[in-house]
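So the sequence shown is numbered by the numbering used here: it starts at 25 and just counts up by one.
Below you'll find the structure, written out as C-alpha cells, and then a few comments.
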Amino acid sequence: MTTARKRPFDIRPDTRPNWPFQSLRDYMSYLDERGRMLHVDKPSDVQFEIGAVSKKLMEDGSDKACMFWNAHSSHPDWHVAPPFDVVVDGTHRHVRMVEDAFNVSRDELFETWIDRLQPSKLLDPVIVDRSEAPCKEVVIPEEEVDLYKLPIDMCTAKMGGPFLSKAVCFTRHPDTGTSNFAIYRLHAKGPKHTGILIVPNQHVASVYAKYGSEGKNMPMCAALGVDPMMSVISGAPVPTDSPEERVWGAMTGQPLPMVKSELYDINVPAYAEYILEGEVVHDLRDSEGPYGEYTGYYSGIRDLPVFKVKCITHRKQPIYESVTIGKPPSEGNFLVEMGFNLEMTRGIRAYLPEVKAVRSLMCHGLVTVVQIDKKRRYKGLAFRAGHMVWSKKALVKNVLVIDDDIDIWDNDDVWWAFATHTQAHKSVQIVPDVSGCRLDPSEPFGGEEGVSCKMVIDCTEPFPPYHAPYMRGVAGPDEETYKRVLENWDTYWENGAP
Ligand SMILES: Cc1cc2nc3c(=O)[nH]c(=O)nc-3n(C[C@H](O)[C@H](O)[C@H](O)COP(=O)(O)O)c2cc1C
Ligand SMILES: [Mn+2]
C-alpha cells in the first residue's frame, strides 16, 4: 500500500471553466468552482475500490464527479505509478451533468438535441498543429507501450480483468473516408493489447468488416479523458451521414479541435488526456469477458477481436477517466441511455410528431418510457408509438406510454400513471418471439442474437366518458397558495433553508 502523496497539479481549465467545454479539464474546473468535484487523496485501489466508491455515490444520487489523486493497483500484473495514478470518474453520473454539457435544463434537452442536429448546423472540426495539442505532450513509441502502467480499473467483482470502460474509439471508413467515434469497452489483456466488442449493427462493425474483406487490420485511435459533450455523443447512435465530430460542432456551436494521430490517417481530439493508437487485427481472436453488463449481470467469455496498441500519446500529467458499470444505477448505463433517449426521440419524432420524448428507465431500454402530446392524442396512438420504439431498437423490451402531463424524468410520476390509468385487459399488448438482445437474463436460451417478448402498456389517461371519482380531478395543494409558498420558501426557515 502506498501512502498519500501531495497533489502533483491543480485542475485548471484549458480554455474556459464554462460552456462550451472543450476538454475534460474545462468541465472539471467548472464542477470544482461549484463544489461538485470530490477529491480523494488517500491511496485508492483501481481493483474494486474506485468502483465501490463510485457505486455508493451513484446510489446516493450524487451530481458530483470524483477525483482519485493517488490510485494504485493490487492486481499482480499492474504497476500503476506517477504520473499515471490520477483517475476521475462520475463526470456523467447525473442528469445535471448532461444539462451542463448542453447548457440547457432537462426539459429542453430533447428539443435542443433535435434542433441542433439539423444538417445545416453540422460543423467540420478544425485541425490544430501538434504543438497546440495537449494530448501530444508525451509520445510513447511501440517498444515502450505498457498498458500495465495505466490505472485501468475493475469495477465489478467477477470481471475478467481491468477494462478501459470509457474509450472513445475513432475510426475512418476506407472507402467513404467518413470518420466515426463511439465508446467501446476495451478489455486490457496484456501490456500491448486489449479485446474489443464489435457488435454487428454498430458503425465500427462495417469499417472493421471492410478492412477485413481486404485482409487488412483496422486502424483505430482511442481517446481517454474527453469533454462532456464528446462523451454523450459517443454513446448516441447518430447516423453515419452526421459524423460524430460534426455533431459535436453542431451541439457546441464551435468546431471540434482535432489533431492528426501519430501513425494513421485518423484525427483525434487535441484536448484529450490520453490517445491509444493501434490496429484491430483482422484475423485474430482472444477471449473477452466476463464483463459486468448494463443488465446488472455478467456476460460470459467470448472470442472477440484484438486491438494491438502501437503508440500512446498523453499529457504530462494525464487524468485517466473511468466510468463504472454493472447493476443499475450505474454511470455507464446512464451515459448510454442518455444517447439512446436523445437520438431515439429524434428518430421516432420524424414519423410520429406527437411523440414528445423517449427515455430508458432501466437497463438500456429493457424498460422504456414514451411520452406523447396529450393535446394531439387519438385512439391507438399510444400503442403505435410504443410498438415503434421497440421495433427500432432490439434492446427495448417493456414500453410504458405516458402523457406529457406526467414528468418523464420522475419515476414516481411514471408509476402513478401506470397505477391509475391502466386496466390490464385493455392497456397491455404483447408480441412474442421478436429479436432481442441476448444479454437480458430473462430471455430463453437459443439463438446467437437473442429472442425476446415485447410488451407495450398504455399508461395514458383513458378517453372519456369518465366515471364520477375520476372527474373530481388530480388532488394537490391549492395552486395559488403553492406558488406563493415557493416564492417565499426561505421565509419559513430560520436559516433560509429547511
Ligand atoms: C461506457 C460505455 C461502454 C460501451 N461499450 C460498448 C461496446 O463495448 N460495444 C458496443 O458496440 N457499444 C458499446 N457502447 C455503446 C456505443 O457507444 C453506442 O451504441 C454508440 O452509439 C455506437 O456508435 P456507432 O454506431 O458509431 O458504432 C458503450 C457505451 C458506453 C457509454
Ligand atoms: Mn457512428
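A virtual CB, placed ideally from N, CA and C, is assigned to each residue, including glycine.
Residue i and residue j closer than 9 Å at C-beta
i	j	result
I299	I325	no
P158	A294	yes
V333	V111	no
T195	M244	yes
L405	E361	no
R117	A89	yes
R309	V292	no
F205	V192	yes
G356	K190	yes
L221	A296	no
V438	L385	yes
G259	L419	no
P32	D56	no
G320	L146	no
P198	K160	no
H338	G239	no
I290	E303	no
Alpha-carbon to alpha-carbon, residue j and residue i
i	j	result
A441	Q142	33 Å
K507	K182	51 Å
I481	H388	18 Å
S144	V262	16 Å
K403	T484	11 Å
E503	A521	22 Å
I176	G185	9 Å
H491	T444	13 Å
E83	L287	42 Å
Y322	L463	9 Å
S86	G59	12 Å
R29	L174	18 Å
V228	A246	13 Å
E473	L328	15 Å
V152	Y54	24 Å
F92	V458	44 Å
F45	S266	21 Å
T115	K450	43 Å
E268	F126	15 Å
T39	E156	12 Å
T505	R120	29 Å
Close-in-space but distant-in-sequence residues of the same chain around residue i (CB under 7 Å, 5 per side omitted)
i	result
S98	D69 and Q71
Y172	D101, W102, H103 and P215
I349	C179, S189, G316, Y318, G356 and N357
I343	L48, V110, V112, G249 and E297
M486	Looking at the sequence itself, residue 486 is Pro, so the reference to Met does not match. If we look at P486 and ignore the five residues flanking it on each side, its Cβ neighbours are H445.
Supposed close pair residue i, residue j - CB separation, criterion 8 Å
i	j	result
V162	K284	Actually they are not in contact, since the Cβ atoms of V162 and K284 sit about 17 Å apart, beyond 8 Å.
E312	G371	Wrong, their Cβ atoms sit about 30 Å apart, outside the cutoff.
V347	D113	6 Å
I452	M479	One point to set straight first is that residue 452 is Val, not Ile, in the sequence displayed. Sure, about 6 Å apart at Cβ, within 8 Å.
R400	I432	Not a contact, Cβ separation roughly 16 Å.
V256	M242	About 25 Å; that fails the 8 Å criterion.
T446	V423	That belief does not hold up - the Cβ atoms of T446 and V423 are roughly 13 Å apart, past 8 Å.
K421	S354	Rounded, the Cβ-Cβ distance is 18 Å, inconsistent with contact.
Neighbourhood of residue i by C-beta distance below 8 Å, restricted to the same chain and skipping five residues each side
i	result
V526	Absent from the structure is residue 526, since the part of the chain shown begins at 25 and ends at 522.
E123	S129, R130 and L133
A409	I372, L376, E378, V379, V394, I396 and V425
Contact with chain B by residue i, beta-carbon distance below 9 Å
i	result
K403	The chain labelled as chain B is not found in the depicted structure, where only one protein chain is given.
Checklist line | Cβ pair count under 8 Å reaching 3, the stretch 363-374 against the stretch 135-146 | finding: For the pair of segments examined, the stretch 363-374 was found to touch the stretch 135-146: the number of CB pairs separated by less than 8 Å reaches three.
Notebook entry, point to check: Is the number of C-beta pairs between the stretch 46-66 and the stretch 247-257 that are closer than 8 Å three or more?
Noted result: Yes, since at least three Cβ pairs between the stretch 46-66 and the stretch 247-257 fall closer than 8 Å, the two stretches touch.
Next item on the list: Kindly confirm or deny that the stretch 207-216 and the stretch 274-282 touch, where touching means at least three C-beta pairs closer than 8 Å.
Entry: Below 8 Å, too few C-beta pairs join the stretch 207-216 and the stretch 274-282 to call them touching: fewer than three.
Notebook entry, point to check: Is the stretch 461-476 in contact with the stretch 393-407, if contact means three or more CB pairs nearer than 8 Å?
Noted result: Short answer: they don't touch.
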